[in-house]
Amino acid sequence: MMEKTPYSVLADELFPADLPAPEQLERTYPPRALPEGAAVTRFAPSPTGYLHIGHLLGAFVDRLLASQSGGVFLLRMEDTDKKREVEDGVTGLVNDMRAFGIAVDEGVTGPGEEKGEYEPYTQSQRKEIYHTYARVMTERGLAYPCFCSSGDLDELRASQENEGVNKGYYGKWARCRDLPLEEQIERLRAGEPYTLRLRSPGDASRKIVVRDLIRGKLELPEYDMDVVLLKASGIPTYHFAHAVDDHLMRVTHVVRSDEWLASLPLHAQLFHLLGFQPPKYAHIAPMMKLDPETGGKRKLSKRKDPESAVGALVRAGYPNAALHEYLLTLLNSSFEDWRRANPGAPLPEFPFSLKKMSASGALFDPVKLEDVSKNVISRMRSSQVYDLALAWARAYDPELAALLTRDPDYAGAMLAIDRDGAKGKPRKDLARWSQLREAYAYFFDELFEASPKSASNSGILSAYIDVYRAEDDKDSWFAGIKSICEPLGYCPEVKAYKADPAPWKGHVGDVSGAVRLAVTGRENTPDLWAIMRVLGEKRVLERLKAGMENAI
RNA sequence: GGCCCGGUGGUCAAGCGGUUAAGACUCCGCCCUUUCACGGCGGCAACACGGGUUCGAGUCCCGUCCGGGUCACCA
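Next up, the structure:
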């Protein structure tokens, strides 16, 4: 048994004797048996609100890093701030992750539910673990109780402001740092509330060199603040929990938003003091948005930009694959080239590189997202479009879901137009499932809206009714269209018309356009012949006639 | 204010001392096309500013400006 030092006396006063020993914890949470180079990453949100696209960017990188290296991606709940916690925060986060399509290998899977060997993954349940290391720090003289109230700290800041010196608990301002042991014990026994602070050995005039996977070598001043390790409630602050958890969970790569850059020296110090091997860090720039008020760029905000919430994006009907691809275009600009070269390749095969990430914040660009999404959907088979659209509709547009399921073959045929076998002519008419209702409205009598403009086309329509044959193949169908052109004054050949438009009222395109308008109510649609085949003779005839009647 | 990070077309971005400064999105033309699309071709449009270093500088250095972050018992 070692001789009692003042510090161990203090530690005994502060912490119960039956805390697990650090060695014990090391054994309980051993290094992972993973192949060389496997990355263990973590997403560690606090349940203080919903997830937005900026969070996702980080979680997505975590997932990618783990997947690419055969590692593990875990979800940890940082619920150490009970004041800010929202009801159902955990459920919301877990659901958002699921809705967005990021699978978690380990960690929190729901409220009160976890999986994995490095449990618990909820910080509020790890108090003993933190206290073990807090005790170690205290015994080594690296931590001390601070009895300053928040009012004291306010005063402290005010006088520092006055003197024009750096704010914070350090140096001569750290009033409780050198309290005599007797006084510490006395006040503890008197039941005074206290926090446990780091006795920082740092010196801000010295520099440390840290490495960031995205930014490279960084030279930062040493951290010299006596930060709070344990709050008065006994719950750790983020910094302390970060060091303890990421070490014990054997996390190798910490991906987080770059607002943490400033506390990197503190974290380096904490890992060093605790004797832990620090993880590799990647600080990613936050996603920005164009502020409609100022016209400038600003960080995407949870509170001000509800449209960037994951829930809102999913509700809008963006397929996960599209969201994923969009994020990747922001993450690595080489992604778009890779995608063009490998149109069908699964995402995890993309050689994602942290090194290629931009150090400055990207603007969230809904226009680009829309484009990416159109491309993604255009590459899908009709059966997949059907399944995904239906799943979306079931959740957000039950009426549409009913239409899609009423006659699945019909809906399938509708979605197959210009898709599937149609090589070289992918249809890019859908960026979001919510657009399906509008884009394909004319396939459903309930949604179809006739165009009043058909009025002026009654001549064409009546002529077309005579030649329309539902069973025509595509060539015969088009021959039918052509055959009514000349008698009505339209040129059957576009080329001839362009060479000399004078004698004509228009060309074959105008004639088929009139039919299109009557049958679909639209000027732009996929292949008209295919549409008419799907609609069937009865419906086509009805609409052609209705189009004529509009004219009267 | 101290410290830190960033600044290439409207947007996302290649570029790493010598390039006509890629590419993608948007917008605009043209072409192709048996309709609508898809596609193809072309166009508009950028190295924040000032000093160095160098034969030569988006590219290296210094300063200025601008944007962001951080300085909590929030994460």
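No gaps in the numbering here: position 9 of the first sequence is -4 in this note's numbering, and each next residue is one more.
Using N, Cα and C, we set each Cβ at its ideal position, and we do this for glycine too.
| query | result |
| --- | --- |
| Where does Asn301 sit, in a helix, a strand or coil, going by DSSP? | For clarity, residue 301 is Val in the given sequence; the question names Asn instead. Val301: helix per DSSP, three-state reduction. |
| What residue range does the alpha helix (DSSP H) around Asp165 cover? | No alpha helix (DSSP H) holds Asp165; DSSP gives it neither H nor E. |
| Distance, Cα to Cα, Gly476 vs Ser449? | 15 Å |
| Is the stretch 304 to 312 in contact with the stretch 355 to 362, if contact means three or more CB pairs nearer than 8 Å? | yes |
| Taking buried to mean at least 16 other C-beta atoms within 10 Å of its own C-beta, is Leu185 buried or exposed? | buried |
| What residue ranges within the stretch 385 to 441 form continuous alpha helix (DSSP H) runs of no fewer than 4 residues, ordered along the chain? | 385 to 393, 395 to 403 and 423 to 426 |
| Would you identify the three-state DSSP class for Glu458, choosing helix, strand or coil? | coil |
| Okay, do the stretch 504 to 524 and the stretch 387 to 406 touch, 3+ Cβ pairs below 8 Å being the bar? | yes |
| For Gly94, does the three-state DSSP call read helix, strand or coil? | strand |
| Using the three-state DSSP reduction, which class does Ile195 fall into: helix, strand or coil? | strand |
| Which runs of the beta strand (DSSP E) spanning at least 3 residues fall entirely within the stretch 211 to 238, listed in chain order? | 215 to 217 |
| Name the DSSP beta bridge partners of Met64, please? | Thr109 |
| Might you give, ordered along the chain, the residues of its own chain that have their beta carbon closer than 6 Å to the beta carbon of Gly304, omitting 5 neighbours on each side? | Trp379, Arg419, Trp420 and Ser421 |
| So what's Ala4 in DSSP terms, helix, strand or just coil? | coil |
| For Val123 and Leu356, I'd like the C-alpha separation in whole angstroms. | 50 Å |
| Starting from Val592 and walking both ways along the beta strand (DSSP E), at which residues does that stretch end? | Nothing can be reported for residue 592, as the shown portion of the chain is limited to -12 through 539. |
| Do Phe351 and Met275 have their C-beta atoms closer together than 8 Å? | yes |
| Across which residues does DSSP place Ala130 in a beta bridge pair? | Leu185 |
| Output needed for Glu72: all residues of its chain with C-beta closer than 8 Å, excluding positions within five of it in sequence on either side, in chain order. | Ser33, Pro34, Thr35 and Asp66 |
| Unbroken beta strand (DSSP E) runs of length 3 or more, entirely within the stretch 500 to 531: which are they? | none |
| Along the chain, where does the beta strand (DSSP E) that runs through Ile364 open and close? | Taken as a continuous stretch (DSSP letters only), Ile364 belongs to no beta strand (DSSP E), being part of the alpha helix (DSSP H) at Pro353 to Ser365. |
| Less than 8 Å between the beta carbons of Asp188 and Cys163, yes or no? | The sequence given here has Pro at residue 188, not Asp. Cβ atoms of Pro188 and Cys163: not closer than 8 Å. |
| Can the beta-carbon of Ser389 be found closer than 8 Å to that of Leu423? | Checking the sequence shown, residue 389 turns out to be Ala, not Ser. Contact flag unset, no. |
| Is Glu209 helix, strand or coil when you go by DSSP? | coil |
| When DSSP labels each residue in this structure, what does Ser345 get in the three-state scheme? | coil |
| Which residue comes first and which comes last in the alpha helix (DSSP H) that contains Glu150? | Ser137 to Glu150 |
| Evaluate the contact criterion for the stretch 464 to 473 versus the stretch 491 to 498: three or more CB pairs, one atom per stretch, below 8 Å. | yes |
| Would you say the stretch 166 to 179 touches the stretch 193 to 204, given that touching needs at least three Cβ pairs under 8 Å? | no |
| Between Lys291, Leu235 and Met535, which lies nearest to Gln264 when the distance is taken from Cα to Cα? | Leu235 |
| Quick one: give me the first and last residue of the beta strand (DSSP E) that Val242 is part of. | His240 to Ser244 |
| Mind checking Lys256: buried by the 16 CB within 10 Å criterion, or exposed? | It is Gln, not Lys, that sits at residue 256 in the sequence shown. Its Cβ being crowded by 16 or more others within 10 Å, Gln256 is buried. |
| Looking at Tyr451: is its Cβ nearer than 8 Å to the Cβ of Val521? | no |
| With DSSP as the reference, label Gly331 as helix, strand or coil. | coil |
| My output table needs one value for Leu38: the three-state DSSP class, helix, strand or coil. | coil |
| Might you give, ordered along the chain, the residues of its own chain that have their beta carbon closer than 7 Å to the beta carbon of Asp83, omitting 5 neighbours on each side? | Tyr37, Leu38, Val297 and Gly298 |
| Ser250 and His226 look like a contact to me (Cβ under 8 Å); what is the Cβ gap, rounded to whole Å? | 6 Å |
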